[in-house]
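Q: The structure follows.
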Amino acid sequence: RQMCIRDSLKGDQMLIQILLLFSFVAIACVLCNKLTNRVGIPMLLAFLGVGMLCGTDGLLGISFENDAICEQVSTVALIFIIFYGGFGTKWSEAKPVAGRSVLLSTVGVFLTAGLVGGFCHFVLHMQWLEALLTGSVLSSTDAASVFSILRSKRLNLKDGTASLLEVESGSNDPVAFLMTTVILTMMTDGMSVGTVLYLIFAQIAYSIFIGVGLAWLTVQFLKRFHFETSGFDMIFLLAVAVLSYALPVLIGGNGYLSAYIAGIILGNARIPNKKKQVPFFDGVTGLMQMLLFFILGLFATPSRLPSVLLPALVIAGFLTILARPIVVGVLLTPFRARLRQQLLVSWSGLRGATSAVFAVTALASGVALEQDLFHTVFCVVLLSIAIQGTLLPACAKKLDMIDEDGDVLKTFTDYTEEQELQLIQFPIASGSAWAGKAVRELILPPETLLVMLIRGTETMIPKGDTMVQEGDTAVLSASAYRDDHRIHLCELEIQPTHAWCGREIRELTLPSEELIILIRRGTQSLIPQGNLKIQSGDVLVMNATE
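Just so we're aligned: the sequence shown equals residues 49 to 594 in our numbering.
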């Protein structure tokens, strides 16, 4: 029994250590985000740095060399990042450049992988399949890195370039994963042409069918089913995101492609409560990005980076200076894209976490490799985020590609061009100054509009000659107040012994900076008037200025 107690205590201590580590890492990543925004370097580079500081050669010396666990954790994080890559893309903004984006994310990925693979074979003398594996792993641009920089810098680009980069970086990961899977299978078992063609068919067809079908079913369900508990619709969509990955993988499909397709359909569909779901997924994805980059930094061994620095520099240089510009030029020139746009798109081809995750996938597959693939790719990722990511705003400015009049947030589904409105209603009581008057005769507060009159079961759109009657309910609209940080709301529950209990509002002496703005009485919400008497059990909602 004593041994059981000791084992239990050890287990509790380990749990506490894990919780402490998670807390400190999350706080460090959040603080790094604030710091990197000021310094001007991408925040995801800081997340990698935090992981490396905690790893084998870092301050905490945590040894984490289990590639299977690293792959599994990274896969879970990627599911939400890729799903939100689709969910957050505003199709109305992306549609004009969708053809070019898809061309870059499919044909562009194949060409990039081929060019890098050929370079690694002929210049670095890698075996053909290993060289092509390196090219495949590095062939996709990183959605997390691109989204992060565009959003944090509010970097809107001319000629629809922001949308082009977002769609390309969000949709090319599945293609890179497809190529990585095919080459790993060839290196493990060898494959016939028929097997390769079926694998490609399964990866594409099953994923599109499940992604589209699951998203359509989800939209129909959400339109017809009402969740009684607040927040359950977000949990439901979270489960759909996981399901959109797991189902195609179960039958041999590409889970990342399915998740992206489901995300882009759901993000652009009219589903209830979407305005709250977008920031929820924004937070979840932010946490997944922290987790992903931290895990990759923890998995890396910094002392092994010097041995791969030279080949990584050579590959990164070839990829950035030659391979990416050649691919972009070949694919965008037929669309008459301006040279400055092609140069910016070329420079924006950041390599990020997905490349490192696919390298971990190669390690976890058990394929024998002559090169240290993970650390080579990890070094390329560090160079790409540090150099390309940091210089991207300056490059866009130098090429005169920044749209000063636009807003990059228009390309995301959480942006609304319309001014947000606040609707208020009040009854037209007996003796009201509005009763018996035509709408044109009413004196309204500035910047407000009478948008509706409710008379019994009838809803009326008011015109100038519409008569307002006693018993009507008037609905007015006004611009919503946005500067919420100046509002400080608090609640005060009135007890029977409270000094205000039984007194009218006009009798109260309140500090000049405080105001009672609402009284909740049971199921009623009352707007305070001077003659309203406060009762025991009332909850007063009060606002105090700074």
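For each residue, glycine too, the CB sits at the ideal point set by N, CA and C.
Suppose you measure from the CA of residue 206 to the CA of residue 113; what does that come to, to the nearest Å?
A: What you label residue 206 is simply residue 158 of the sequence shown in a count that begins at 1. What you label residue 113 is simply residue 65 of the sequence shown in a count that begins at 1. Across the structure, residue 206 and residue 113 are spaced so that their CA atoms are roughly 44 angstroms apart.
Q: Is it right to say residue 268 is buried, meaning 16 or more other beta carbons lie within 10 angstroms of its own, or is it exposed?
A: Numbered from 1 along the sequence shown, position 220 holds the residue referred to as residue 268. Looking at its Cβ environment, which holds fewer than 16 other Cβ atoms inside 10 Å, residue 268 is exposed.
Q: So residue 338 packs on residue 95, CB below 8 angstroms; how close in whole Å?
A: Mapped onto the sequence shown, residue 338 falls at position 290. Mapped onto the sequence shown, residue 95 falls at position 47. That pair is a contact at about 6 angstroms.
Q: What's the gap between the Cα of residue 356 and the Cα of residue 277?
A: For the purposes of this step, residue 356 is identified with residue 308 of the sequence shown, where counting begins at 1. For the purposes of this step, residue 277 is identified with residue 229 of the sequence shown, where counting begins at 1. Near 53 angstroms, if we compare the C-alpha coordinates of residue 277 and residue 356.
Q: Taking the alpha-carbon positions, what's the residue 463 to residue 326 distance?
A: If you number the sequence shown from 1, residue 463 lands on position 415. If you number the sequence shown from 1, residue 326 lands on position 278. Unreliable positioning characterises residue 463 in this predicted model, as indicated by a pLDDT of 41, which lies under 50. The coordinate reading is nonetheless provided below. C-alpha separation (whole angstroms): 10 angstroms.
Q: What is the DSSP secondary structure of residue 576, counted as helix, strand or coil?
A: The sequence position of residue 576 within the sequence shown is 528, counting from 1. Here residue 576 sits in coil by DSSP.
Q: Could you tell me the alpha carbon to alpha carbon distance between residue 331 and residue 128, rounded to whole angstroms?
A: Position 283 of the sequence shown, counting from 1, holds the residue named residue 331. Position 80 of the sequence shown, counting from 1, holds the residue named residue 128. C-alpha separation (whole angstroms): 11 angstroms.
Q: Where does the unbroken alpha helix (DSSP H) through residue 509 begin, and where does it stop?
A: By 1-based counting over the sequence shown, the position of residue 509 is 461. Segment: none, residue 509 is in no alpha helix (DSSP H) and carries neither H nor E.
Q: Using the beta-carbon count (16 or more within 10 Å), is residue 579 buried or exposed?
A: Residue numbering aside, residue 579 sits at position 531 when the sequence shown is read from its first letter. When all chains shown are included, residue 579 counts as exposed.
Q: Grouping DSSP H, G and I as helix and E and B as strand, with all else coil, what is residue 269?
A: One-based indexing of the sequence shown puts residue 269 at position 221. Of the three classes helix, strand and coil, the one that applies to residue 269 here is helix, per DSSP.
Q: How would you write the range of the beta strand (DSSP E) that residue 567 sits in, first residue to last?
A: If you number the sequence shown from 1, residue 567 lands on position 519. Where residue 567 is concerned, the enclosing beta strand (DSSP E) stretches over 562 to 569.
Q: With distance defined between alpha-carbon atoms, name the residue in 434, 437 and 404 nearest to residue 423.
A: By 1-based counting over the sequence shown, the position of residue 423 is 375. Residue 423 has its Cα closest to that of 404, out of 434, 437 and 404.
Q: Considering only their Cβ atoms, is the gap separating residue 410 from residue 123 smaller than 8 angstroms?
A: On the sequence shown, residue 123 is found 75 positions in, with the first residue counted as 1. On the sequence shown, residue 410 is found 362 positions in, with the first residue counted as 1. Taking 8 angstroms as the Cβ cut-off, residue 123 and residue 410 do not qualify as a contacting pair.
Q: Answer yes or no: do residue 444 and residue 435 have a C-beta to C-beta separation smaller than 8 angstroms?
A: Translated into the one-based positions of the sequence shown, residue 444 becomes position 396. Translated into the one-based positions of the sequence shown, residue 435 becomes position 387. Contact: no.
Q: I'd like to know whether the C-beta atoms of residue 220 and residue 157 end up nearer to each other than 8 angstroms.
A: Position 172 of the sequence shown holds residue 220. Position 109 of the sequence shown holds residue 157. Going by beta carbons, residue 220 and residue 157 fall inside the 8 angstroms limit.
Q: For residue 214 versus residue 153, is the C-beta distance shorter than 8 angstroms?
A: In the sequence shown, counting from the first residue as 1, residue 214 sits at position 166. In the sequence shown, counting from the first residue as 1, residue 153 sits at position 105. Against a cut-off of 8 angstroms, the Cβ pair of residue 153 and residue 214 comes out as no contact.
Q: Near residue 373, what residues of its chain come up, given a Cβ to Cβ distance below 7 angstroms and the 5 sequence neighbours on each side ignored?
A: Taking the sequence shown and counting its residues from 1, one reaches residue 373 at position 325. 394.
Q: Keeping to the same chain, check which residues put their C-beta closer than 7 angstroms to that of residue 74; ignore five residues upstream and five downstream.
A: Counting from 1 along the sequence shown, the entry for residue 74 is found at position 26. Taken in chain order, the residues that qualify are 338.
Q: Starting from residue 287, trace the alpha helix (DSSP H) both ways and give me its first and last residue.
A: Within the sequence shown, numbered from 1, the residue matching residue 287 stands at position 239. Residue 287 -> alpha helix (DSSP H) spans 280 to 298.
Q: Indicate whether residue 497 and residue 522 have their beta-carbon atoms separated by less than 8 angstroms.
A: Here residue 497 refers to the residue found at position 449 when the sequence shown is read from its first residue. Here residue 522 refers to the residue found at position 474 when the sequence shown is read from its first residue. In this structure, residue 522 does not lie closer than 8 angstroms to residue 497 by Cβ.
Q: Would residue 102 pass as a contact of residue 110 if the rule is Cβ separation under 8 angstroms?
A: Position 54 of the sequence shown, counted from the first residue, corresponds to residue 102. Position 62 of the sequence shown, counted from the first residue, corresponds to residue 110. Yes, the Cβ-Cβ distance between residue 102 and residue 110 is below 8 angstroms.
Q: For residue 28 and residue 538, what's the separation of their Cα atoms in angstroms?
A: The requested residue 28 is not part of the displayed model; the chain covers only 49 to 594.
Q: Which of the three DSSP states is assigned to residue 547 in this structure?
A: In the sequence shown, the residue the question calls residue 547 occupies position 499. Residue 547: coil per DSSP, three-state reduction.
Q: So what's residue 436 in DSSP terms, helix, strand or just coil?
A: Here residue 436 refers to the residue found at position 388 when the sequence shown is read from its first residue. Note: residue 436 maps to helix in three-state DSSP.
Q: On a Cα-Cα basis, can you pick out the residue from 392, 318 and 350 that is closest to residue 270?
A: Here residue 270 is taken as the residue at index 222 of the sequence shown, counted from 1. When each option's Cα is compared against that of residue 270, the closest is 318.
Q: Enumerate, from N- to C-terminal direction, the unbroken alpha helix (DSSP H) stretches of 4 or more residues contained entirely within the region 171 to 236.
A: List check, alpha helix (DSSP H) in window: 176 to 185, 191 to 200 and 209 to 236.
Q: As a quick exercise: from 541, 540, 569 and 577, pick the residue whose alpha carbon is nearest that of residue 552.
A: The residue labelled residue 552 in the question sits at position 504 within the sequence shown. The shortest Cα separation from residue 552 among 541, 540, 569 and 577 belongs to 577.
Q: Can you tell which of 315, 587, 484 and 495 has its C-alpha closest to the C-alpha of residue 285?
A: The residue you call residue 285 lines up with position 237 of the sequence shown. It is 315 whose Cα lies nearest to the Cα of residue 285.
Q: Specify whether the region 250 to 259 and the region 177 to 184 touch according to this definition: at least 3 beta carbon pairs, one from each stretch, less than 8 angstroms apart.
A: no
Q: Along the alpha helix (DSSP H) that carries residue 388, what are the first and last residues, could you check?
A: The residue you call residue 388 lines up with position 340 of the sequence shown. From DSSP, the alpha helix (DSSP H) with residue 388 extends over 387 to 395.
Q: State the DSSP-derived secondary structure class of residue 319, mapped to helix, strand or coil.
A: Taking the first residue of the sequence shown as 1, we reach residue 319 at position 271. If DSSP states are grouped into helix, strand and coil, residue 319 belongs with coil.
Q: Assuming contact is defined by CB atoms lying nearer than 8 angstroms, are residue 441 and residue 172 in contact in what I supplied?
A: To locate residue 441, count along the sequence shown from 1; it is residue 393. To locate residue 172, count along the sequence shown from 1; it is residue 124. No, the Cβ-Cβ distance between residue 441 and residue 172 is not below 8 angstroms.
Q: Where does residue 481 sit, in a helix, a strand or coil, going by DSSP?
A: As a first step, residue 481 must be located in the sequence shown, where it is residue number 433. Correct three-state label for residue 481: coil.
Q: Is it true that the region 511 to 520 meets the region 482 to 491, where meeting means three or more beta-carbon pairs spaced less than 8 angstroms apart?
A: yes
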